[in-house]
Amino acid sequence: TITIHGANDAPVLAVQTATQNAAVGSAFSYTLPTTTFTDVDSGETLAYAATSSDGSALPAWLTFNASTRTFSGTPTSGGTYGVKVTATDLGGLAANETFNIAVSVPGNTTPTAVADAGDATEKGGVANGSGGVVASGNVLTNDTDPDAGDTKTVSAVSFGATSGTLGSALNGTYGSLVLNASGTYTYTINEANSAVQALRLSTNTLNEVFSYTMRDTAGATSTANLTITIHGANDAPVLAVQTATQNATLGSAFSFVVPTTTFTDVDSGETLTYSATASDGTALPAWLSFNASTRTFSGTPTTAGNYGVKVTATDLGGLSANETFTIAAAAGPSTYSLFSASSTPAQTNLNDGQQLELGVKFTSSIGGTITGIRFYRSANDNGQNVVDLWSSTGTKLATATFTNTTASGWQTANFTTPYTIAANTTYVASYHTTGAYVATANFFTAAVTSGPLTATATGNGVYRYGGSATAGIFPNSTFGATNYWADVVFNPTNTNNTAPTAVADAGDATEKG
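Set out below in structure tokens:
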């Protein structure tokens, strides 16, 4: 047998009481319906009490009979009176509601509130450091009341469903309004609002609408709107991402594009223009140029050193931001390869069970010599390897043999005589294996560049079945942009040395006389 014990439940407001009307000098009575509050507890009895809506006593002319739930009295002055009714159950739990009694004055003419408008302007410049206009005025100035001697005051203010307190800030969407009982107001923009900051020109605007109620001496009221128009102002761009030091190699083409994310501007529809100088404001060094439309630095450094550059971004209104960074020009390494010693394949123990040549297509932006072939050797490769350098059409240009059959990882086989290659010409470097090899699929979906060397993305990662440990075969097939980890050792032609300049001379001699 389960015994369920009860517990006291609080009453609840079931039906909100509407505004009740009364007139000065006329008896007023209103009985609160029994359906206003309900309580789910069986046999419950509610006790009632009433105060002004702020918790103070009822006005002197108004009484409340708790046993009959009846308000009564004769108003002596017009106005809107807020009252609060509380219903309490036998267990001491309670619910309450507030409503208004609107008292009119016989013969009084209702005043007319007329819509108002104000203008405010956001701050602009650097970090909102300049300009800005606060909207101000008096909403009662254009309101009318035909009754002689009546005074006008503001009795309420709201923004949408939110009621405000006179004399205190009421938040809107883009700023806050302080409206006083005298009708005076100030509207201050929220400068942190993103929509406000996005306004670039004075003609770019946002609007928000507040509502106010005005009351005359007799308590009659009228409501109108106050519309605030927010005007834009130009905000300066700012440096968002500092550019790191850029490295350049003597004798090699240098290029750097300033990212579009380097500077930002909160103004909507803004366009930035770019310019560049040396960091001290003088012209860029002779070897370096800047394309403002593409934000690109380019040139070939001739002298080692750290070159400070300054980039300035200017918006349509003429405001700007800038940054400085360094281009460090130095002599390049003596040799280049496509891949570093720390680069490793994804698969290191593949074996197709037959003789195989694997390679990579590459170009160099400058001339020089290939002194040997690098390749990543599988630990399962236990035979002799032959390495080859080919032209793009399959002519063997150089070859060497690698005989350390226990080695694995990155290995190098040097040519007896380095082979000279031309700039911007495609070659193929390859190695031969009895079947074991390494690979990384989908590697050459983008080109790989290291110094002057580039392994192109299109049709790279080449292989071919056949050949032998003493005679390789030209690899001309591709599969899935796979990298088989063949590489070169490239020694560039000395481009770091700047040729001297011989200048014509002249001398004078005079014969003896």
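Heads up: the sequence shown at position 311 corresponds to 311 in the numbering used here, and the numbers run straight through without jumps. Even for Gly, the Cβ is constructed at its ideal location relative to N, Cα and C.
Are the CB atoms of residue i and residue j nearer to each other than 7 Å?
i: Y376; j: F490; result: no
i: A102; j: T80; result: yes
i: G149; j: V105; result: no
i: G459; j: T445; result: no
i: G167; j: N180; result: yes
i: G467; j: H432; result: yes
i: T262; j: V241; result: yes
i: T70; j: T31; result: yes
i: I473; j: E357; result: yes
i: T249; j: G332; result: yes
i: A436; j: N385; result: no
i: V309; j: A276; result: yes
i: W410; j: A469; result: no
i: Q354; j: Y465; result: yes
i: T300; j: W287; result: yes
i: A328; j: N349; result: no
i: A441; j: G394; result: no
i: D143; j: T109; result: no
i: T227; j: T205; result: no
i: F339; j: D505; result: no
i: G372; j: V462; result: no
Over the uninterrupted beta strand (DSSP E) stretch that includes residue i, give me the two end residues.
i: V133; result: 130-133
i: F254; result: 254-257
i: R377; result: 368-377
i: Y185; result: 184-189
i: H432; result: 427-433
i: E208; result: 205-215
i: T80; result: 79-88
i: F99; result: 94-104
i: S158; result: 153-159
i: P492; result: 486-492
i: T363; result: 356-364
i: K123; result: 116-124
i: S450; result: 448-450
i: N460; result: Element bounds for N460: n/a, residue is neither H nor E.
i: G317; result: Where G317 is concerned, there is no enclosing beta strand (DSSP E), given that its DSSP letter is neither H nor E.
i: Y174; result: Here Y174 belongs to no beta strand (DSSP E), and DSSP marks it neither H nor E.
i: V15; result: Careful: V15 lies outside any beta strand (DSSP E) and carries neither H nor E.
i: N21; result: 20-23
i: S52; result: 47-52
Start and end of the alpha helix (DSSP H) containing residue i?
i: S222; result: Unbroken run through S222 is the beta strand (DSSP E), 221-231; no alpha helix (DSSP H).
i: A195; result: 194-197
Is residue i buried or exposed, if buried means 16 or more other CB atoms sit within 10 Å of its CB?
i: E511; result: exposed
i: T19; result: exposed
i: P33; result: exposed
i: T449; result: exposed
i: S378; result: buried
i: H5; result: exposed
i: V126; result: exposed
i: D89; result: buried
i: N483; result: buried
i: T399; result: buried
i: D216; result: buried
i: D352; result: exposed
i: V12; result: exposed
Among the options, whose alpha-carbon lies nearest the alpha-carbon of residue i?
i: S136; options: I2, T121, A148; result: T121
i: N514; options: Y463, V85, T399, G91; result: Look at the range of the chain in this structure, 1 to 513, and you will see that residue 514 is not part of it.
i: T51; options: T98, N204, S275; result: T98
i: P237; options: A198, T68, Q246, T165; result: A198
i: A14; options: T470, A87, L316; result: A87
i: V387; options: D54, A429, N207, A115; result: A429
i: N234; options: T249, L272, T262, A117; result: L272
i: T363; options: L62, L288, P492, R295; result: P492
i: Y185; options: A22, A328, L140; result: L140
i: A447; options: G472, A455, S268; result: A455
i: T426; options: A398, S365, S408, W485; result: S365
i: S211; options: A341, I421, V178, P285; result: V178
i: A23; options: T371, S176, T406, A218; result: A218
i: V134; options: P111, D147, T188, A156; result: T188
i: S202; options: G92, G124, D505; result: G124
i: T326; options: S163, V83, N247; result: N247
i: A253; options: W485, L453, A313; result: L453
i: G129; options: E191, V154, P111; result: E191
i: T303; options: P285, S289, T294; result: P285
i: A244; options: P259, H231, G232; result: P259
i: S29; options: Y48, T3, T36, T74; result: T74
i: T76; options: V83, A66, P59, V40; result: P59
With 7 Å set as the bound, which would you pick, yes or no: does the beta-carbon of residue i sit closer than that to a beta-carbon of chain B?
i: L226; result: In the structure shown, chain B does not exist; there is a single protein chain.
### Whole alpha helix (DSSP H) elements within the segment 276-304, 4-residue minimum
none
### Query
Taking only runs of the beta strand (DSSP E) that begin and end inside the segment 386-413, which ones reach a length of at least 3 residues, in chain order?
396-402
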